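S.K.:
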Amino acid sequence: MKRTLNRMSQLALEPNTQRVFLDRLSSVVGADNWIASPDELLVYECDGYVVEKRVPDVVVFPSSTSQVAEIVNLCNEFELPFLPRGAGTSLAGGTLPVGGGVMICLTRMRQIVEVNLRDRFAVVEPGVVNVHLTQHLKGTGYHYAPDPSSQGACTIGGNVATNSGGPHTLKYGVTVNHVIGLEVVLPDGSITQLGGPCEEPQGYDLTGVFVGSEGTFGIATKVWVRLTRDPVAYRTMLGVFDTVREATEAISAIIGAGIIPAALEMMDQGIVAALEEAFHFGFPLDAGAVLLIEVDGLEVSVDEEAARITELCTQNGASEVRTANSTEERMLLWKCRKQAFGVIGRLSPSYCTQDGVVPRTKLPEILEFITEAGERHDIRIVNVFHAGDGNIHPILLFDERDEEQTKRVIAAGEEILTKCIELGGSVTGEHGIGVEKISFMDRLFAANDVAVMTDLRTVFNPDGRCSPNKMLPTAGACGMEHIEQSKPGRRAAL
Numbered sequence: 003m004k005r006t007l008n009r010m011s012q013l014a015l016e017p018n019t020q021r022v023f024l025d026r027l028s029s030v031v032g033a034d035n036w037i038a039s040p041d042e043l044l045v046y047e048c049d050g051y052v053v054e055k056r057v058p059d060v061v062v063f064p065s066s067t068s069q070v071a072e073i074v075n076l077c078n079e080f081e082l083p084f085l086p087r088g089a090g091t092s093l094a095g096g097t098l099p100v101g102g103g104v105m106i107c108l109t110r111m112r113q114i115v116e117v118n119l120r121d122r123f124a125v126v127e128p129g130v131v132n133v134h135l136t137q138h139l140k141g142t143g144y145h146y147a148p149d150p151s152s153q154g155a156c157t158i159g160g161n162v163a164t165n166s167g168g169p170h171t172l173k174y175g176v177t178v179n180h181v182i183g184l185e186v187v188l189p190d191g192s193i194t195q196l197g198g199p200c201e202e203p204q205g206y207d208l209t210g211v212f213v214g215s216e217g218t219f220g221i222a223t224k225v226w227v228r229l230t231r232d233p234v235a236y237r238t239m240l241g242v243f244d245t246v247r248e249a250t251e252a253i254s255a256i257i258g259a260g261i262i263p264a265a266l267e268m269m270d271q272g273i274v275a276a277l278e279e280a281f282h283f284g285f286p287l288d289a290g291a292v293l294l295i296e297v298d299g300l301e302v303s304v305d306e307e308a309a310r311i312t313e314l315c316t317q318n319g320a321s322e323v324r325t326a327n328s329t330e331e332r333m334l335l336w337k338c339r340k341q342a343f344g345v346i347g348r349l350s351p352s353y354c355t356q357d358g359v360v361p362r363t364k365l366p367e368i369l370e371f372i373t374e375a376g377e378r379h380d381i382r383i384v385n386v387f388h389a390g391d392g393n394i395h396p397i398l399l400f401d402e403r404d405e406e407q408t409k410r411v412i413a414a415g416e417e418i419l420t421k422c423i424e425l426g427g428s429v430t431g432e433h434g435i436g437v438e439k440i441s442f443m444d445r446l447f448a449a450n451d452v453a454v455m456t457d458l459r460t461v462f463n464p465d466g467r468c469s470p471n472k473m474l475p476t477a478g479a480c481g482m483e484h485i486e487q488s489k490p491g492r493r494a495a496l
């Protein structure tokens, strides 16, 4: 089958060398399992972070670990940069193909290889969609606890890359707490296993090092995940508040009382209105904020915790606290929360989601600052976030076709993340650094810390060819300037 070739975009291979490379690539995956025509490549020019775009030169779709290793070896032979991609739900440019090169898309590696209930683990390929594992485990009495809000689309490989969280992070922890082993293709093309089904493998915790490395240490091709026993009972509540401040004070009161809910989520008036228009759940449109609160455990404990939470919410200004009276009502509440980003299209043609973290007691302060930043830059901002652990997700609404609006969004986002640092927090809780937040690394960490992280990356990725120009600043450059200036090795694109 004759394929349309993409015109070179960077330091190009010679035409004859290009054809040799693509012929060799076809011999690895087949002629129908890669794309290089400009119109097809546009689909991969960005992920969920739409502010910055770059088009890869080739996107290839392997179906096995051995194919991934052969692709990596081929890229090294031709000195081409490469990076992995899953579903493209990253919100920080983690799969942006900086400088072009070869994008290794893992969405066809979607097998649930093994489920071992006796030893409480499952083995999955990186392209398995998070919710598909949840559905596969229904009725077994076990589940995979990490459940990002993009659960219906994001892949477990992507969750590993950014150490994703989700609504149930508060009680159950983030991805790294549930990954016990990885099969990975290292940037030199070798295949190795980190960790595995044993709970406490000997030696250094290289699995923990790899999770959250955003594709800069290699490509995960199998993941051993820990399975968690299903709770016996749930109580899911919706607290309605007149103001955001009252809602955040209720959050502090709940945690301060020693109660750790399974989930504690906040949505402000803008999100509530959009959700009500979409799902007609009966949300009060005049509420300044609502809290979605869930406790789980034994029947004898959940009613007591739910009653205490209701009391604390009422004491801190809740006008009402509703309890889901059936599984259907509970699932509808969670559908509303997890579809929150999906309804943004009713509010704006484009949006940019930030991912800062602050101490819980600083939530009122950062939310007031977010409101001020929106007013200062004439940008509408709505909020939905993991309030229990202080992980904020202000959603900046704009039209990316308007260059001036885009500049104001970038400026407002930078101010918000800077304020998070000033309040003793961080610039990411689960979305990662990607390319969006590289400029903040020198503000978060001392020079020695960044140097140590750079040295660690070099151990795994000495040529810098795997996921180049992500996470860590290079040669003093950052952001788009960083993208233009950083060239790992000979950054030859097709």
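In this text, residue positions in the sequence shown follow this note's numbering: the first is 3, and each later residue adds one. Glycine included, every Cβ here is placed at the ideal spot set by N, Cα and C. Just so we're clear, the structure is a prediction, and the values are computed from it rather than from any experiment.
#1: Once DSSP output is grouped into helix, strand and coil, what is the label at Arg21?
#2: What are the residues that DSSP puts in a beta bridge with Tyr46?
#3: How many Å lie between Glu216 and Glu313 at the Cα?
#4: List in chain order: all unbroken beta strand (DSSP E) runs of 3+ residues lying wholly within the segment 303–329.
#5: On the DSSP bridge assignment, give the partners of Glu267 in chain order.
#6: What is the rounded straight-line gap between the Cα of Arg237 and the Cα of Gln271?
#7: How would you call Glu267, buried or exposed, if buried means at least 16 neighbouring beta carbons within 10 angstroms?
#8: Could you tell me if Arg120 is buried or exposed, where buried requires 16 or more neighbouring beta carbons within 10 angstroms of its beta carbon?
#9: Is the beta carbon of Ile221 less than 9 Å from the beta carbon of Ile106?
#10: DSSP three-state call for Ala479: helix, strand or coil?
#11: For Gly50, I'd like the list of residues in its chain whose CB is within less than 6 Å of its CB, leaving aside the five on either flank, ordered along the chain.
#12: If you run the structure through DSSP and keep just helix, strand and coil, what is Arg9?
#13: Please report how far the alpha carbon of Val74 lies from the alpha carbon of Arg339, in whole angstroms.
#14: Can you give me the Cβ contacts of Glu116 inside the same chain, cut-off strictly under 7 Å, excluding the 5 residues immediately before and after it?
#15: Reducing DSSP to helix, strand and coil, say where Phe462 ends up.
#16: Alpha carbons only, please: which of Leu293, Ala326 and Gly103 is nearest the one belonging to Cys315?
#17: Does the segment 235–251 touch the segment 321–334, meaning 3 or more C-beta pairs lie closer than 8 Å?
#18: Smallest Cα separation from Asn463: which of Asn78, Pro128 and Ser350?
#19: Determine contact between the segment 341–359 and the segment 299–307, defined as no fewer than three beta-carbon pairs at a distance below 8 Å.
#20: Whose C-alpha, out of Leu458, Leu365, Leu398 and Cys468, is nearest the C-alpha of Gln356?
#21: Is there contact between the segment 417–434 and the segment 378–394, where contact requires at least three CB pairs shorter than 8 Å?
#22: Tell me the rounded alpha-carbon separation between Arg378 and Ile418.
#23: Excluding the 5 residues flanking Asn118 on each side, which residues of the same chain have their C-beta closer than 6 Å to its C-beta?
#24: Inspect the CB distances between the segment 447–458 and the segment 403–410 and report whether three or more fall short of 8 Å.
#25: Can you tell me the Cα-Cα spacing of His484 and Pro475, whole angstroms?
#26: Would you kindly check if the distance between the Cβ of Val57 and the Cβ of Gly102 is under 9 Å?
#27: Take Phe219 and list the residues in its own chain whose beta-carbon comes closer than 8 Å to its own, dropping the five residues that flank it on each side.
#28: Among residues of its own chain, excluding the 5 on either side of Glu402, which ones have a beta-carbon nearer than 8 Å to its beta-carbon?
#29: From Ser66 to Gly129, what distance separates their C-alpha atoms?
M.R.: According to the structure shown:
#1: The count along the sequence shown starts at 1 and reaches residue 21 at position 19. Arg21: helix per DSSP, three-state reduction.
#2: Residue 46 sits at position 44 when you count from the first residue of the sequence shown. Listed as beta-bridge partners of Tyr46 by DSSP are no residues whatsoever.
#3: What you label residue 216 is simply residue 214 of the sequence shown in a count that begins at 1. What you label residue 313 is simply residue 311 of the sequence shown in a count that begins at 1. Here the alpha carbon of Glu216 sits roughly 42 Å from the alpha carbon of Glu313.
#4: Within the segment 303–329, the complete beta strand (DSSP E) runs of at least 3 residues are 320–325.
#5: What you label residue 267 is simply residue 265 of the sequence shown in a count that begins at 1. Note: Glu267 sits in a beta bridge opposite Leu294.
#6: The sequence position of residue 237 within the sequence shown is 235, counting from 1. The sequence position of residue 271 within the sequence shown is 269, counting from 1. The alpha-carbon separation between Arg237 and Gln271 amounts to approximately 24 Å.
#7: Numbered from its first residue, the sequence shown carries residue 267 at position 265. Glu267 comes out buried.
#8: Translated into positions along the sequence shown, residue 120 becomes position 118. Exposed, because fewer than 16 other Cβ atoms sit within 10 Å of the Cβ of Arg120.
#9: By 1-based counting over the sequence shown, the position of residue 221 is 219. By 1-based counting over the sequence shown, the position of residue 106 is 104. In contact: Ile221 and Ile106 (Cβ atoms closer than 9 Å).
#10: Counting from 1 along the sequence shown, the entry for residue 479 is found at position 477. Below a pLDDT of 50, predicted positions are generally treated as unreliable, and Ala479, at 36, falls in that range; no measurement from the model is reported.
#11: Counting from one through the sequence shown, the residue named residue 50 turns up at place 48. Counting only Cβ-Cβ distances below 6 Å, and skipping sequence neighbours, we find Thr91, Ser92 and Leu93.
#12: Here residue 9 refers to the residue found at position 7 of the sequence shown. Interpretation of Arg9 is limited by its pLDDT of 42, a score under 50 that renders its predicted location unreliable; the figure taken from the coordinates is listed afterwards. It is coil, neither helix nor strand.
#13: Your numbering for residue 74 matches position 72 in the sequence shown. Your numbering for residue 339 matches position 337 in the sequence shown. Take the alpha-carbon of Val74 and the one of Arg339: they are about 39 Å apart.
#14: Looking up residue 116 in the sequence shown gives position 114. Answer for Glu116: Ala124 and Val125, listed in chain order.
#15: Here residue 462 corresponds to residue number 460 of the sequence shown, with the count starting at 1. DSSP places Phe462 in helix when its eight states are reduced to three.
#16: Within the sequence shown, the letter at position 313 stands for residue 315. Cα-wise, what sits closest to Cys315 is Leu293.
#17: The segment 321–334, when compared against the segment 235–251, does touch it at the 8 Å Cβ threshold.
#18: Residue mapping note: residue 463 aligns to position 461 of the sequence shown, counting from 1. Ranking Asn78, Pro128 and Ser350 by Cα distance to Asn463 puts Asn78 first.
#19: Cβ pair count under 8 Å is below three, so no.
#20: Here residue 356 corresponds to residue number 354 of the sequence shown, with the count starting at 1. Restricting attention to Leu458, Leu365, Leu398 and Cys468, the CA atom closest to the CA of Gln356 is found in Leu398.
#21: Segment contact: the segment 417–434 against the segment 378–394, three or more CB-CB distances shorter than 8 Å; contact assigned.
#22: As a position in the sequence shown, residue 378 is number 376, starting the count at 1. As a position in the sequence shown, residue 418 is number 416, starting the count at 1. Taking the straight line from one Cα to the other gives about 12 Å.
#23: As a position in the sequence shown, residue 118 is number 116, starting the count at 1. Contacts found: none.
#24: Output reads no: the segment 403–410 does not touch the segment 447–458.
#25: Here the question's residue 484 lines up with position 482 in the sequence shown. Here the question's residue 475 lines up with position 473 in the sequence shown. Confidence is the limiting factor: at His484 the pLDDT is only 38, short of 50, which leaves the residue's position unreliable and the question unanswerable from this model.
#26: Looking up residue 102 in the sequence shown gives position 100. Looking up residue 57 in the sequence shown gives position 55. Contact flag set, yes.
#27: As a working mapping, residue 219 is identified with position 217 in the sequence shown. Taken in chain order, the residues that qualify are Val186, Leu188, Pro189, Val211, Phe212, Arg459, Phe462, Asn463 and Cys468.
#28: Sequence index remark: in the sequence shown, residue 402 carries index 400 (1-based). Excluding sequence neighbours, Glu402 sits near Val52, Val53, Pro351, Ser352 and Thr408.
#29: Position 64 of the sequence shown, counting from 1, holds the residue named residue 66. Position 127 of the sequence shown, counting from 1, holds the residue named residue 129. Ser66 and Gly129: Cα-Cα distance of roughly 11 Å.
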